[in-house]
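Asks:
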Amino acid sequence: MTNSRTSMVDLVTRWLILGLLIVYTIYNVGPIFWLILSSFKSRMDLFTMPPKLFFTPDFSGYQSVFGVGAAKDSASSVGVFDSLVNSIIVSVAGTSLAVFFGTLAGYVCSRFNFRGKGDFMFFVLSTRMLPPVAVLVFYHLMFARLGLADTRFGLVLVAIFANIGLATWIMKGFFDGVPKEVEQIAIVNGYTRMYAFTRLVLPMVKGGIAATAGFCFIFAWNEFAFASILTTTQAKTLPVKISAASGATGIEWTQICAAGVVLIIPVLIFFYLIRKHLLMGMTFGVLGRR
Amino acid sequence: MSAGPMLQLQGLKKAYKGKAALRGLDLTVNDNEIFALLGPTGAGKSSTLLASAGLIELDAGRVDLAGRDVTDADPASRDVAIVFEGFNLLPVLDVKDNIAFALRSPEFREAEDEIARRVGRTAELLRISHLLDRDVGTLSGGERQRVAIARALVRRPVMFLLDEPLSALDLKLREGLRAELRQIHRQYRSTMLYATHDYHGAIAIADRIGIIDGGVLQQAGPIEEIYRLPANVLVGKLIGSPSMAFLEAHVESGHVVIKGAEQRLPIGEFGTVAPGSGKVLLGVWPEDIEVGPAGAEGASAGTVYAVDNRGFERAIQVETPAGSFRKVVPLSMPVAQGDACSFRIPARAGFLFDAESGRRISQTGEGGR
Numbered sequence: 001m002t003n004s005r006t007s008m009v010d011l012v013t014r015w016l017i018l019g020l021l022i023v024y025t026i027y028n029v030g031p032i033f034w035l036i037l038s039s040f041k042s043r044m045d046l047f048t049m050p051p052k053l054f055f056t057p058d059f060s061g062y063q064s065v066f067g068v069g070a071a072k073d074s075a076s077s078v079g080v081f082d083s084l085v086n087s088i089i090v091s092v093a094g095t096s097l098a099v100f101f102g103t104l105a106g107y108v109c110s111r112f113n114f115r116g117k118g119d120f121m122f123f124v125l126s127t128r129m130l131p132p133v134a135v136l137v138f139y140h141l142m143f144a145r146l147g148l149a150d151t152r153f154g155l156v157l158v159a160i161f162a163n164i165g166l167a168t169w170i171m172k173g174f175f176d177g178v179p180k181e182v183e184q185i186a187i188v189n190g191y192t193r194m195y196a197f198t199r200l201v202l203p204m205v206k207g208g209i210a211a212t213a214g215f216c217f218i219f220a221w222n223e224f225a226f227a228s229i230l231t232t233t234q235a236k237t238l239p240v241k242i243s244a245a246s247g248a249t250g251i252e253w254t255q256i257c258a259a260g261v262v263l264i265i266p267v268l269i270f271f272y273l274i275r276k277h278l279l280m281g282m283t284f285g286v287l288g289r290r
Numbered sequence: 291m292s293a294g295p296m297l298q299l300q301g302l303k304k305a306y307k308g309k310a311a312l313r314g315l316d317l318t319v320n321d322n323e324i325f326a327l328l329g330p331t332g333a334g335k336s337s338t339l340l341a342s343a344g345l346i347e348l349d350a351g352r353v354d355l356a357g358r359d360v361t362d363a364d365p366a367s368r369d370v371a372i373v374f375e376g377f378n379l380l381p382v383l384d385v386k387d388n389i390a391f392a393l394r395s396p397e398f399r400e401a402e403d404e405i406a407r408r409v410g411r412t413a414e415l416l417r418i419s420h421l422l423d424r425d426v427g428t429l430s431g432g433e434r435q436r437v438a439i440a441r442a443l444v445r446r447p448v449m450f451l452l453d454e455p456l457s458a459l460d461l462k463l464r465e466g467l468r469a470e471l472r473q474i475h476r477q478y479r480s481t482m483l484y485a486t487h488d489y490h491g492a493i494a495i496a497d498r499i500g501i502i503d504g505g506v507l508q509q510a511g512p513i514e515e516i517y518r519l520p521a522n523v524l525v526g527k528l529i530g531s532p533s534m535a536f537l538e539a540h541v542e543s544g545h546v547v548i549k550g551a552e553q554r555l556p557i558g559e560f561g562t563v564a565p566g567s568g569k570v571l572l573g574v575w576p577e578d579i580e581v582g583p584a585g586a587e588g589a590s591a592g593t594v595y596a597v598d599n600r601g602f603e604r605a606i607q608v609e610t611p612a613g614s615f616r617k618v619v620p621l622s623m624p625v626a627q628g629d630a631c632s633f634r635i636p637a638r639a640g641f642l643f644d645a646e647s648g649r650r651i652s653q654t655g656e657g658g659r
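If you're matching them up, the sequences are chains A and B in order. Quick note on numbering: the working numbering labels position 227 of the first sequence as 227, and the sequence is numbered without any gaps. Positions in the second sequence are counted from 1; adding 290 to them yields the working numbering.
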């Protein structure tokens, strides 16, 4: 009697959990599914009600995003491909430089004591706490004066500033996980600290560098606030372009959806590549100890 | 080389973030000897070794190595080898390259065929020849430590600095490797400074022992000498297994009166006694204390608080009004937890220590430091 009652309760709980999971999945996957579907729809199919699940795929959106094919010369496609190129350049350059400097700074913060180290570390972290909107206007004015407005170089600088703090902290965590005896053994045995750093310590934290680069790339790739204010035409990145994509014939939905899919793909690839290191990076290397 | 000092440390001072690790440490390690630096965690052992190797910047003091002032010299120019407790091997190199590591450095570079010869010979000595091509990640704890010792040995440095080299290993491995270190020492006539918190390990391997605590060398010498005249309470607490028994006492009309005990010890038994603050600690090596059944003639009363079986013997802890002590007794002695017992201090077995400073105040005329 009691048995069947508990199994009844079990069953209800199971169905409840299943139901919640379904709702959650639809909530999360639904928009992406819709986005992918729409990116292959022609203008005609896009707005039919109820939405069509089966239709003749139309690649014009992707063609314009990648700047190939028939749509290349049409007035509406100008800029989407360029903005993709902008996004790639800004993200890759910003990430590489932020990780490069963050790695050096993280190593120094992990291994050396200097006056005001705690304050410095907090300052570095605080650069990430700042709401970008708060300083946007200032940046806008400064960049205009310096001739950096609407340039890729300016956006690369922003990407470095925005990510170097995070990179420093994550890398410090990974370096903390490397025993200081590595360098001590090298130094006692006649090597320089530089040798120990580049040839012994860096290979030990390559996973950490990958994780840091992944984080920074995703942040730089998704960055919207700065890019939208600091660019007008030339340097527009893909997120900015999408948000404002309208052509001579109104809003180019197919193109926007295709660009959205393209926007998601690098993030997926990076997450896949660094998934092993993600947890370690998120805990700032504390789990990486020995 | 003669048996002069190989390493001489004078007045070393070092503080980390305002916390003192070394407070004026003096220490001398003679050529061809194994000197064990025995002390609890945080006593300053590692700092002493790092300072000897030149890996930390000293606040004050002087380091002489092989007759040369190396206080400000580069670590590499000192030609010492160091072995650490846990982390030792470089994971980016395989076993062979780990051992050959020093021989490829700008400072100690050798020709490749010489490297191969030396690595092979050292690996044979430590019986790790079969591991040479392995990845260090696949080695067991004992194998790792052998490789680490091989890496230190392959260079034939003027001195070895061993920082708890065996502490991460289990007892059996530890004893085996300790014997091998002794063997290597005999063969190569090398000088070793061996830091450990393990009393048994220290006396098993060392020619001389230094007791370190609070960043100061408390006493140094052969173990027999330390037993004969322990310098202070700290030394008594760190030496022996079990360590020295300390009983609260005071001096009254020519006798040492142990708190709450029957037995009174004539002060004349303690040699020349320096005037103290009145309250003293009576220190006795547990081996000297006579423990018997309750109510024995001329003995004081105590209670057996705990009994540890050690297989062929037993360690008991005896509670007395003056303090408790541990002692090893034979299995034949009938004793159980909670039993009443008696204890007696034989003549000339005890030392008096000042209760406040901890310094030994008895037997001061016998050449103690």
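All C-beta atoms in this analysis are idealised placements derived from N, C-alpha and C, irrespective of residue type, glycine included. None of these values were measured; they are calculated from a predicted model.
With the cut-off set at 8 angstroms, would you say Val65 of chain A and Ala259 of chain A are in Cβ contact?
Replies: Here residue 65 of chain A refers to the residue found at position 65 when the first sequence is read from its first residue. Here residue 259 of chain A refers to the residue found at position 259 when the first sequence is read from its first residue. Yes.
Asks: Just mark Thr95 of chain A as buried or exposed, buried being the case when its beta carbon has 16 or more other beta carbons within 10 Å.
Replies: Indexing the first sequence from 1 puts residue 95 of chain A at position 95. Buried is the call here.
Asks: To the nearest whole angstrom, what separates the beta carbons of Val525 of chain B and Gln508 of chain B, a pair I think is in contact under 8 angstroms?
Replies: Translated into the one-based positions of the second sequence, residue 525 of chain B becomes position 235. Translated into the one-based positions of the second sequence, residue 508 of chain B becomes position 218. Right, their Cβ atoms sit about 5 angstroms apart.
Asks: If Val444 of chain B sits next to Thr412 of chain B, beta carbons under 8 angstroms apart, how far is it from one beta carbon to the other, in whole angstroms?
Replies: Within the second sequence, the letter at position 154 stands for residue 444 of chain B. Within the second sequence, the letter at position 122 stands for residue 412 of chain B. Contact holds; Cβ gap of about 5 angstroms.
Asks: Residues in the same chain with beta-carbon distance under 7 angstroms from Gly648 of chain B, minus the five sequence neighbours each way, listed in chain order, please.
Replies: Stepping through the second sequence from its first residue, residue 648 of chain B is reached at position 358. If we look at Gly648 of chain B and ignore the five residues flanking it on each side, its Cβ neighbours are Asn522, Val523 and Leu524.
Asks: Among A:Asp119, A:Val137 and A:Phe215, which residue has its Cα nearest to the Cα of Ile269 of chain A?
Replies: Taking the first residue of the first sequence as 1, we reach residue 269 of chain A at position 269. Checked all of A:Asp119, A:Val137 and A:Phe215; the closest Cα to Ile269 of chain A is A:Phe215.
Asks: Does the stretch 401 to 419 of chain B touch the stretch 216 to 227 of chain A, meaning 3 or more C-beta pairs lie closer than 8 angstroms?
Replies: Touching, no, given that fewer than three Cβ pairs across the two stretches are closer than 8 angstroms.
Asks: Taking only beta-carbon positions, decide if Ile26 of chain A is within less than 8 angstroms of chain B.
Replies: Counting from one through the first sequence, the residue named residue 26 of chain A turns up at place 26. For Ile26 of chain A, the answer is no, since every Cβ of chain B falls outside 8 angstroms of its Cβ.
Asks: Along chain A, which residues have their Cβ under 9 angstroms away from the Cβ of Ser430 of chain B?
Replies: Start at 1 with the first residue of the second sequence, and residue 430 of chain B comes out as number 140. Going along chain A, no residue has its Cβ under 9 angstroms from Ser430 of chain B, so there is no contact; the nearest lies around 16 angstroms.
Asks: Need the endpoints of the beta strand (DSSP E) that Asp503 of chain B sits in, please.
Replies: To locate residue 503 of chain B, count along the second sequence from 1; it is residue 213. Per DSSP, Asp503 of chain B belongs to the beta strand (DSSP E) from Arg498 to Asp503.
Asks: Quick one, which residues of the stretch 202 to 224 of chain A are near chain B if we go by CB-CB under 8 angstroms, in chain order?
Replies: Of all residues in the stretch 202 to 224 of chain A, Pro203 and Met204 have a Cβ within less than 8 angstroms of some Cβ in chain B.
Asks: At the level of alpha carbons, what is the spacing between Thr331 of chain B and Gln435 of chain B?
Replies: Taking the first residue of the second sequence as position 1, residue 331 of chain B is located at position 41. Taking the first residue of the second sequence as position 1, residue 435 of chain B is located at position 145. One C-alpha to the other measures close to 21 angstroms.
Asks: Which class does Ile372 of chain B belong to by DSSP, given the choice of helix, strand or coil?
Replies: For the purposes of this step, residue 372 of chain B is taken as residue 82 along the second sequence, with counting starting at 1. Ile372 of chain B falls in the strand class under three-state DSSP.
Asks: For a contact defined as C-beta to C-beta under 7 angstroms, what are the partners of Tyr107 of chain A on chain B?
Replies: Walking along the first sequence from the start, residue 107 of chain A turns up at place 107. By Cβ distance, chain B contributes nothing, its closest Cβ being about 16 angstroms from Tyr107 of chain A, past 7 angstroms.
Asks: Among the candidates A:Phe161, A:Ala220 and A:Lys52, whose CA atom is the shortest distance from the CA of Val135 of chain A?
Replies: On the first sequence, residue 135 of chain A is found 135 positions in, with the first residue counted as 1. Taking only the C-alpha atoms, the option nearest Val135 of chain A is A:Phe161.
Asks: Could you tell me the distance, in whole angstroms, from the CA atom of Gln300 of chain B to the CA atom of His420 of chain B?
Replies: Start at 1 with the first residue of the second sequence, and residue 300 of chain B comes out as number 10. Start at 1 with the first residue of the second sequence, and residue 420 of chain B comes out as number 130. For Gln300 of chain B and His420 of chain B, the distance between alpha carbons rounds to 44 angstroms.
Asks: Could you compute how far the alpha carbon of Leu456 of chain B sits from the alpha carbon of Asp488 of chain B?
Replies: Within the second sequence, the letter at position 166 stands for residue 456 of chain B. Within the second sequence, the letter at position 198 stands for residue 488 of chain B. Taking the straight line joining both Cα atoms gives about 10 angstroms.
Asks: Which two residues bound the contiguous alpha helix (DSSP H) that contains Pro239 of chain A?
Replies: Indexing the first sequence from 1 puts residue 239 of chain A at position 239. Unbroken alpha helix (DSSP H) run through Pro239 of chain A: Leu238 to Ser243.
Asks: What residue range does the beta strand (DSSP E) around Pro620 of chain B cover?
Replies: By 1-based counting over the second sequence, the position of residue 620 of chain B is 330. Looking at the DSSP string, the run of the beta strand (DSSP E) that includes Pro620 of chain B is Gly613 to Pro620.
Asks: Please report the straight-line C-alpha distance between Asp308 of chain A and Phe112 of chain A, rounded to a whole angstrom.
Replies: Absent from the structure is residue 308 of chain A, since the part of chain A shown begins at 1 and ends at 290.
Asks: Could you tell me whether the Cβ atoms of Ile267 of chain B and Ser590 of chain B are closer together than 8 angstroms?
Replies: The first residue shown for chain B is 291 and the last is 659, placing residue 267 of chain B beyond what the model contains.
Asks: Please state the DSSP three-state secondary structure of Ala392 of chain B.
Replies: Position 102 of the second sequence, counted from the first residue, corresponds to residue 392 of chain B. Note: Ala392 of chain B maps to helix in three-state DSSP.
Asks: Looking only at its chain, what residues have a beta carbon closer than 7 angstroms to the beta carbon of Ala440 of chain B, apart from the 5 residues adjacent to it on each side?
Replies: Here residue 440 of chain B refers to the residue found at position 150 of the second sequence. These residues qualify, in order along the chain: Ile389, Thr412, Ala413, Leu416 and Ile418.
Asks: Among A:Phe100, A:Leu35, A:Lys41 and A:Val201, which residue has its Cα nearest to the Cα of Phe55 of chain A?
Replies: The sequence position of residue 55 of chain A within the first sequence is 55, counting from 1. Closest option to Phe55 of chain A, Cα to Cα, is A:Lys41.
Asks: Does the Cβ of Leu53 of chain A have 16 or more other Cβ atoms within 10 Å, making it buried, or fewer, making it exposed?
Replies: Residue mapping note: residue 53 of chain A aligns to position 53 of the first sequence, counting from 1. Burial call: exposed.
Asks: Ile557 of chain B: which of B:Ser337, B:Gly568, B:Ala539 and B:Gly544 sits nearest, CA to CA?
Replies: Residue mapping note: residue 557 of chain B aligns to position 267 of the second sequence, counting from 1. Ranking the options by Cα distance to Ile557 of chain B, first place goes to B:Gly544.
Asks: When the Cα atoms are used, what is the spatial distance from Leu97 of chain A to Ser533 of chain B?
Replies: Your numbering for residue 97 of chain A matches position 97 in the first sequence. Your numbering for residue 533 of chain B matches position 243 in the second sequence. Going from the Cα of Leu97 of chain A to the Cα of Ser533 of chain B covers about 59 angstroms.
Asks: Using three-state DSSP, classify Ser533 of chain B as helix, strand or coil.
Replies: Looking up residue 533 of chain B in the second sequence gives position 243. Strand at Ser533 of chain B.
Asks: Could you pull the start and end residues of the beta strand (DSSP E) that Val546 of chain B belongs to?
Replies: Translated into the one-based positions of the second sequence, residue 546 of chain B becomes position 256. Here the beta strand (DSSP E) through Val546 of chain B covers His545 to Ile548.
Asks: Would Gly640 of chain B pass as a contact of Gly550 of chain B if the rule is Cβ separation under 8 angstroms?
Replies: Position 350 of the second sequence, counted from the first residue, corresponds to residue 640 of chain B. Position 260 of the second sequence, counted from the first residue, corresponds to residue 550 of chain B. Contact flag unset, no.
Asks: Alpha carbon to alpha carbon, what distance is there between Gly61 of chain A and Asp10 of chain A?
Replies: Here residue 10 of chain A refers to the residue found at position 10 of the first sequence. Here residue 61 of chain A refers to the residue found at position 61 of the first sequence. Using only the alpha carbons, I get a separation of about 49 angstroms.
Asks: Tell me whether Pro296 of chain B sits in a helix, a strand or coil according to DSSP, three-state version.
Replies: Within the second sequence, residue 296 of chain B is the residue found at index 6, counting from 1. It should be pointed out that residue 296 of chain B corresponds to Met in this sequence rather than to Pro. Strand at Met296 of chain B.
Asks: When the distance is taken between beta carbons, is Ile493 of chain B closer than 8 angstroms to Ile513 of chain B?
Replies: Numbered from its first residue, the second sequence carries residue 513 of chain B at position 223. Numbered from its first residue, the second sequence carries residue 493 of chain B at position 203. Yes. Within cutoff.
Asks: Based on the DSSP secondary-structure assignment, which residues constitute the bridge partners of Met171 of chain A?
Replies: If you number the first sequence from 1, residue 171 of chain A lands on position 171. Its beta-bridge partners do not exist; DSSP assigns none.
Asks: If you run the structure through DSSP and keep just helix, strand and coil, what is Glu552 of chain B?
Replies: Translated into the one-based positions of the second sequence, residue 552 of chain B becomes position 262. It is coil, neither helix nor strand.
Asks: Would the beta-carbon of Leu315 of chain B fall within 8 angstroms of that of Val625 of chain B?
Replies: Along the second sequence, read from residue 1 onward, the residue named residue 315 of chain B stands at position 25. Along the second sequence, read from residue 1 onward, the residue named residue 625 of chain B stands at position 335. No.
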